[in-house]
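Chain order of the listed sequences is Y, Z, P and D. With positions in the first sequence counted from 1, the corresponding number in the numbering used here is that position plus 809. With positions in the second sequence counted from 1, the corresponding number in the numbering used here is that position plus 32. With positions in the third sequence counted from 1, the corresponding number in the numbering used here is that position plus 445. With positions in the fourth sequence counted from 1, the corresponding number in the numbering used here is that position plus 32.
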Amino acid sequence: MTMKSEPFVVNVGPQHPSTHGVFRLRLTMDGERIVDAEMVMGYLHRSVEKLAEGRTYTQNIPFTDRLDYLSAMSNNLAYCMAVEKLMGIEVPERGEFLRVIMAEFQRIANHAMAIGSFAMECGVWFTPLMWMFRDREKILDLFEMTCGARLTTNYVRIGGVSFDIPPEFMPAATALVKELPERIAEYESLLLENEIILVRSRDVGVLPPELAIAASTSGPVLRGSGVMWDIRKADPYAVYDRLDFDIPVGTRGDCYDRFLVRLEELRQSVRILEQALDMLPDGVASVEVPLALRPPAGEAYARIEAPKGELGFYLVSDGSPHPQRFHIRSPSFINLTPLRDMVVGLTIPDAVVTLGSIDIVLGEVDR
Amino acid sequence: MEDVGSIVAFWVLSVVTVGAALMVVAVRNLIHAVLFLILSFIGVAGLYITLSADFVAITQILIYAGAISVLILFAVMLTPRAARDNAETFLQLPGLVLAALVGVTVGAIALVTDWNEATRGPFSETAAAIGEALLDKYVLPFEIASVILLAAMVGAIVLVRED
Amino acid sequence: MSVELSHYLMVGAILFSIGLYVALAKRNAVGILMGIELMFNAVNLTLIAFSRFVSPPTDVSGHVFVVFVITVAAAEAALALALAMVIYRNRETIDIDKINLMRW
Amino acid sequence: MIFLAEWWDVRDLGNAVGELLEWLGDHGPDWLPYTASALVGAITIVVFLLVSLLVFAWLERRLIGRIQARRGPNRVGPWGAFQSIADAIKFVTKEAITSANADRWVFWLAPILVVVPALVVFAVMPFNEGMILADLNVGVLFLVAVGSVTAIPIFMAGWSSNNKFSLMGAMREVAMLISYEIPLVLALLGVVIFTNTMRMNGIVGWQDEHNTWLIFLQPLAVLIYFIAGAVEINRTPTDIAEAESEIVAGYHTEYSGVKFGMFWLAEYFAGFAIAAIIATLYLGGWTLWGLEEWVPGWMIFLVKLYGLFWFFIWMRGTLPRLRIDQLMGFAWKALLPLALINIFFAGLEVLLWQENDLAAEAVLPGFAIANLVLAVVLIVAWAQLLGRGRPQYRPTRARLVKELGAVVYGEEA
Chain Y
810 MTMKSEPFVV NVGPQHPSTH GVFRLRLTMD GERIVDAEMV MGYLHRSVEK
860 LAEGRTYTQN IPFTDRLDYL SAMSNNLAYC MAVEKLMGIE VPERGEFLRV
910 IMAEFQRIAN HAMAIGSFAM ECGVWFTPLM WMFRDREKIL DLFEMTCGAR
960 LTTNYVRIGG VSFDIPPEFM PAATALVKEL PERIAEYESL LLENEIILVR
1010 SRDVGVLPPE LAIAASTSGP VLRGSGVMWD IRKADPYAVY DRLDFDIPVG
1060 TRGDCYDRFL VRLEELRQSV RILEQALDML PDGVASVEVP LALRPPAGEA
1110 YARIEAPKGE LGFYLVSDGS PHPQRFHIRS PSFINLTPLR DMVVGLTIPD
1160 AVVTLGSIDI VLGEVDR
Chain Z
33 MEDVGSIVAF WVLSVVTVGA ALMVVAVRNL IHAVLFLILS FIGVAGLYIT
83 LSADFVAITQ ILIYAGAISV LILFAVMLTP RAARDNAETF LQLPGLVLAA
133 LVGVTVGAIA LVTDWNEATR GPFSETAAAI GEALLDKYVL PFEIASVILL
183 AAMVGAIVLV RED
Chain P
446 MSVELSHYLM VGAILFSIGL YVALAKRNAV GILMGIELMF NAVNLTLIAF
496 SRFVSPPTDV SGHVFVVFVI TVAAAEAALA LALAMVIYRN RETIDIDKIN
546 LMRW
Chain D
33 MIFLAEWWDV RDLGNAVGEL LEWLGDHGPD WLPYTASALV GAITIVVFLL
83 VSLLVFAWLE RRLIGRIQAR RGPNRVGPWG AFQSIADAIK FVTKEAITSA
133 NADRWVFWLA PILVVVPALV VFAVMPFNEG MILADLNVGV LFLVAVGSVT
183 AIPIFMAGWS SNNKFSLMGA MREVAMLISY EIPLVLALLG VVIFTNTMRM
233 NGIVGWQDEH NTWLIFLQPL AVLIYFIAGA VEINRTPTDI AEAESEIVAG
283 YHTEYSGVKF GMFWLAEYFA GFAIAAIIAT LYLGGWTLWG LEEWVPGWMI
333 FLVKLYGLFW FFIWMRGTLP RLRIDQLMGF AWKALLPLAL INIFFAGLEV
383 LLWQENDLAA EAVLPGFAIA NLVLAVVLIV AWAQLLGRGR PQYRPTRARL
433 VKELGAVVYG EEA
């Protein structure tokens, strides 16, 4: 004998504290249980892909800052790699190292936000987020030191980076890298062994590896499901093949595993940073390229392991200074696609935790 | 009970109690009816206090206003929106007549009968006396009441269990 | 002017008849339950009033009875609401007019 | 207790009020002292609560700022101390919106009624021997009854808002309140069993007389009461009913301006009320082993109250929130059985003590140790019984790999 209840619809978003922006999740509920979930996107659509077709290749770099505004460095990097592939430009070694350093700092900053907001979703009252902000601020200070901007850096340029690092960068960066393991241990003591986080996220929002692969998810979401996959190893770019690091994977594919993977990636990023800062060669950081680039006609796809997953830029050139086609494979958007299968059968609190564990940025989802 | 306080309290509380009970009949929205019912319960608790029955008054608030009304609210919320009106059946008129007759009869008996009122003061403290009575003179009913509660609990769970 | 036993008995009588009317005439099963609760309250009030005005000062039998009534009322409310739920599940209504399986 | 019992004795402000009432009784009509005492008591309680609120609304933000490695409000006045006043002005001046399809009467009534239970609790709270508005002989029961009524204004608020999130929050709150009331009552029952009275001053007096606090005799009950109380007052981390990340703001989603301010007020008042109850029933109230003869008792009481409130602030800054079904399961599966066992042992101990006519000094330390051991054993055993030892509830770490390609899904970490 089951309860005959009328299904009702709950709109989580677009104005909701835990949708990370203006995402809308339309949940059809049967009592407490979610029976259907519909994702409504596009509230933040800015037509980036079309706009980019009207601008030169160099002018497009600032657009990429505003996609995933929490990891602008990685976006710059992926886009510039695509243009370099199109043009056949070789980046100097120092430039590649600087790119890796910035990308890994950006990864730490992004994961700090992701873990902090995931903890918020689990109901902590801002404390982890604020602690994470503390370290993220230091990383943003480094960015500001280097290129003058904190969030929308516009640092990585075609052929290298915009500026070489200032002299005060190295001491500050080394000090921060020394300090970070201690901080990460602190977060682990606050969050990893927290029984409430454990019961809230363990076996919640399970994403089996078959589904994760079928939905072509990437990044921590895919690794949380136990699939060993990382573009830094699978298709090494920049100088990642010369650095020693491990890939964390989960074994259950639940929210807790995704959280664990991110937490461990913080450590691995610190490892990479230690090596990269140590190995940073002298020389020039970038090659001169003309402002109005005219790549030969053709197409190129470059991908990196952005903090949120595989970030790819697909460019088609017709020989003019503007890209004919500018496509973004944004990890947030694609990681979001299996959300329906993850939340059906759960309750609203679980759905919110699941959404938080995917780590989306709406700027990238809606583009 | 001749002091001003008791008289004012009695009249205010009676008006609140009876008025709220009438509103239970009158309002069209079932939730409003439940809220007025709660007000009526609290009014009755106030009347108990004027009768110096402090333990019973607190129990009244605890059980009626705090538990039974919440149960009723839950039941209302678990039923569909369409079933939340407070309308009358075809028995409205006979019901009204019967209720009026009962009211008049009981009222008349209450007024006419000589109740042999003892001239005595209010209770000083009832909680301890009730406790002693429950475990001494009325120990059997007390046990039976607990068995009833247990049976009701088991029965309610069995009735609404989903399997 | 003073407050006498009969005042309380009158309040009890009025409350009882209102409860009776609600229990008899309301169409909603929950409404009927509310009427029954009102009648319980009326009876309790009468018991307490008698206990205050009639019985000897050491005797709290009236109070004890009210405690029992409240106990039983709680049990009754839980059961009646469970019944209403079951009726609603099976017949998708708690309208008493439509619950007429048992005819004479 | 050597009270000078003069009106100017600040150690017990009740003396001055008593003096005033006596004078009024001599010089005015019969009803005047009653009315005056009610008025004085009510005004004192409201003023005390509002002042505490103004201080703590600021202090909490500063303390949580400390916990969160930031500064907290520091702009309005010295160290930001007038922040709460600025907040209050903001609450009052903002528009109190009533949404179009709201049930107007209920919607307006709920924020007013929600403050009442928390205020009324302080009527039976002894700030000092004479500083109590109504020393009911069913004081403890009164606390429970008032606590149980809190559910109704909250339901009214959630239901009348005509908003799904509000209604969900309200139903959660109601379900939680009735679940947590049972362990709460059982925890208080232990106190009554030991002290043999439900009068608040009587309980304080008992603790004073036996030179002990009931927290030592009832450690498990204090823990249960603290958890259940935290749930009742509905603050983070047990703010299921207004879980910000899930259901926006729960039952007060639709409230703004001064109406929202009332809910905010009620939350703090309820927090003070729970802290005051714990301070009185378990921590000896206004007594402190003789110090109350030199320091005003109400100051001792307030120190205890604020100290306990600090625990709520600390919890708010630290813990995540459980899911509603987990929190309900915790009440029924963990707190309720533990509370029942606790009651059983408390009854057994008191029986042993009373029947054998033992000296209090001899038995109470023994009971304290026994109950502490019992509490620890029970908590550990119950956690094991409920499966906290299962591998899925153990924190794991991500597995580290060097090579790509394989899938490790389903393997034990």
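Glycine residues also receive a C-beta, built at the ideal position from the N, C-alpha and C atoms.
Proximity winner among the options, relative to residue i (alpha-carbon distances)
{"i": "D/Arg431", "options": "Y/Phe1068, Y/Ala1106, Y/Ser1126 and Y/Asp1127", "result": "Y/Phe1068"}
{"i": "D/Val72", "options": "D/Ala166, D/Val148 and D/Asp58", "result": "D/Ala166"}
{"i": "D/Val412", "options": "D/Leu367, D/Gln424 and D/Gly379", "result": "D/Leu367"}
{"i": "P/Ser506", "options": "Z/Thr121, Z/Ala161, Z/Asp86 and Z/Val192", "result": "Z/Ala161"}
{"i": "Y/Ile993", "options": "Y/Asp1039, Y/Leu886, Y/Leu1075 and Y/Thr1163", "result": "Y/Leu1075"}
{"i": "D/Ala202", "options": "D/Ala74, D/Gly50, D/Glu286 and D/Gly282", "result": "D/Gly282"}
{"i": "D/Ala177", "options": "Z/Ala77, Z/Arg60, Z/Thr91 and Z/Leu45", "result": "Z/Thr91"}
{"i": "D/Tyr287", "options": "D/Arg136, D/Asn169 and D/Ile99", "result": "D/Arg136"}
{"i": "Z/Ile93", "options": "D/Phe139, D/Ala150, D/Leu173 and D/Val147", "result": "D/Leu173"}
{"i": "D/Phe295", "options": "D/Thr76, D/Ser131, D/Leu95 and D/Trp140", "result": "D/Trp140"}
{"i": "D/Asn374", "options": "D/Ala219, D/Glu299 and D/Ala394", "result": "D/Ala219"}
Cα-Cα separation, residue i to residue j
{"i": "Y/Gly957", "j": "Y/Asp950", "result": "9 Å"}
{"i": "Y/Thr811", "j": "Y/Val819", "result": "Summary for Y/Thr811: the model assigns pLDDT 48, below 50, so the residue's position carries little reliability; its value from the coordinates is reported in the next sentence. When rounded, the distance between both Cα atoms is 22 Å."}
{"i": "Z/Leu17", "j": "Z/Thr158", "result": "Limits of chain Z in this structure are 33 at one end and 195 at the other, which puts residue 17 of chain Z out of reach."}
{"i": "Z/Glu149", "j": "P/Arg497", "result": "9 Å"}
{"i": "Y/Val909", "j": "Y/Ala1047", "result": "7 Å"}
{"i": "Z/Tyr96", "j": "D/Gln115", "result": "42 Å"}
{"i": "D/Phe197", "j": "D/Pro369", "result": "32 Å"}
{"i": "P/Asn473", "j": "Z/Glu120", "result": "8 Å"}
{"i": "Z/Leu128", "j": "P/Tyr466", "result": "6 Å"}
{"i": "Y/Pro1105", "j": "Y/Pro1158", "result": "52 Å"}
{"i": "D/Arg348", "j": "P/Val499", "result": "55 Å"}
{"i": "Y/Ile967", "j": "Y/Met890", "result": "7 Å"}
{"i": "Z/Leu123", "j": "D/Phe376", "result": "52 Å"}
Supposed close pair residue i, residue j - CB separation, criterion 8 Å
{"i": "Y/Glu1178", "j": "Y/Gly1028", "result": "Since the displayed chain Y opens at 810 and closes at 1176, residue 1178 of chain Y lies outside it and no answer follows."}
{"i": "P/Ala519", "j": "Z/Ile104", "result": "No, P/Ala519 and Z/Ile104 are not in contact; Cβ-Cβ is about 12 Å, not under 8 Å."}
{"i": "D/Val223", "j": "D/Leu246", "result": "6 Å"}
{"i": "D/Leu252", "j": "D/Leu410", "result": "7 Å"}
{"i": "D/Gly261", "j": "D/Ile310", "result": "7 Å"}
{"i": "D/Val236", "j": "D/Thr312", "result": "6 Å"}
{"i": "D/Phe88", "j": "D/Gly293", "result": "That belief does not hold up - the Cβ atoms of D/Phe88 and D/Gly293 are roughly 15 Å apart, past 8 Å."}
{"i": "P/Asn489", "j": "Z/Phe73", "result": "Actually they are not in contact, since the Cβ atoms of P/Asn489 and Z/Phe73 sit about 10 Å apart, beyond 8 Å."}
{"i": "D/Leu168", "j": "D/Leu81", "result": "Between D/Leu81 and D/Leu168 the Cβ distance is about 20 Å, and since that is not below 8 Å, they are no contact."}
Buried versus exposed call for residue i [16 or more other C-beta atoms within 10 Å across all chains shown]
{"i": "D/Thr244", "result": "buried"}
{"i": "D/Thr270", "result": "buried"}
{"i": "Y/Glu988", "result": "exposed"}
{"i": "Y/Glu815", "result": "exposed"}
{"i": "Z/Glu164", "result": "exposed"}
{"i": "Y/Ala984", "result": "exposed"}
{"i": "Y/Asp1168", "result": "buried"}
{"i": "D/Ile121", "result": "exposed"}
{"i": "D/Pro215", "result": "buried"}
{"i": "Y/His854", "result": "exposed"}
{"i": "D/Lys336", "result": "buried"}
{"i": "D/Val327", "result": "exposed"}
{"i": "Y/Gln915", "result": "buried"}
{"i": "Y/Val1170", "result": "buried"}
{"i": "Z/Ala77", "result": "buried"}
{"i": "D/Phe159", "result": "buried"}
- Where in the stretch 836-880 of chain Y do unbroken runs of the beta strand (DSSP E), each at least 3 residues long, occur, reported from the N-terminal end onward? Fully enclosed beta strand (DSSP E) runs of no fewer than 3 residues occupy 842-849 of the stretch 836-880 of chain Y, in order along the chain.
- Task: Pull out every residue of the stretch 272-291 of chain D whose Cβ sits closer than 8 Å to any Cβ of chain B, in chain order.
- Result: Absence of chain B from the displayed structure is noted, the protein chains being Y, Z, P and D.
- Residue ranges of each beta strand (DSSP E) within the stretch 85-168 of chain D, 3 or longer: Listed in chain order, nothing qualifies, since the stretch 85-168 of chain D has no complete beta strand (DSSP E) run of 3 or more residues.
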